[in-house]
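> Throughout, this note's numbering is defined as the position within the sequence shown, counted from one, plus 14. Note that beta-carbon positions come from the ideal geometry of N, C-alpha and C, so glycine has one too.
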Amino acid sequence: MNGHPTAEDIQKRIPIISLATIYNNLKLFVELGIINELPYGNGLSRFEFSQSNHYHVICELCGKIADINYPELTEIEEMVANLTGFSVNNHNMEVYGKCQECIEKG
Numbered sequence: 015m016n017g018h019p020t021a022e023d024i025q026k027r028i029p030i031i032s033l034a035t036i037y038n039n040l041k042l043f044v045e046l047g048i049i050n051e052l053p054y055g056n057g058l059s060r061f062e063f064s065q066s067n068h069y070h071v072i073c074e075l076c077g078k079i080a081d082i083n084y085p086e087l088t089e090i091e092e093m094v095a096n097l098t099g100f101s102v103n104n105h106n107m108e109v110y111g112k113c114q115e116c117i118e119k120g
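(1) Since N96 is in the alpha helix (DSSP H), which residue starts that stretch and which ends it?
(2) If you draw a straight line from the C-alpha of I72 to the C-alpha of N83, how long is it?
(3) Who are the Cβ neighbours of P53 in its own chain at under 6 Å, not counting the five residues just before and after it?
(4) Consult DSSP for C76 and reduce its assignment to one of helix, strand or coil.
(5) Would you grab the beta carbon distance between E62 and H18 for me? Rounded to a whole angstrom, and I think it's under 8 Å.
(6) Could you give the distance in angstroms between the alpha-carbon of V94 and the alpha-carbon of K119?
(7) So, with DSSP's three-state summary, where would you put Y54?
(8) Measure from the alpha carbon of A80 to the alpha carbon of each residue in M107, V102 and S101, then state which is nearest.
(9) Given this structure, state the Cα-to-Cα distance separating L97 from C113, to the nearest angstrom.
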């Protein structure tokens, strides 16, 4: 599936597979690095194929997630390492707002 589906979205597309089986497979795929789990938005985890590093913008109303392709902010990792003494190996950034559909709904 394209986008950022929930386990429930996947089950709607493939109703012959139980939700428990979908969750078990999603967990395995996350562990193998095939997909990423995105625990943003309305409390339901969403999933995406693991691909190049990118960021996300999340609608505060409906939970829709869109990708933002922006050069990696590796200088932040270096700055944090210098300030804290941590060995930083990754970072995450989310931007929150309202999607166009929610804005149009009023």
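According to the structure data:
(1) T88 to T98
(2) 14 Å
(3) S59
(4) coil
(5) 5 Å
(6) 40 Å
(7) coil
(8) M107
(9) 35 Å
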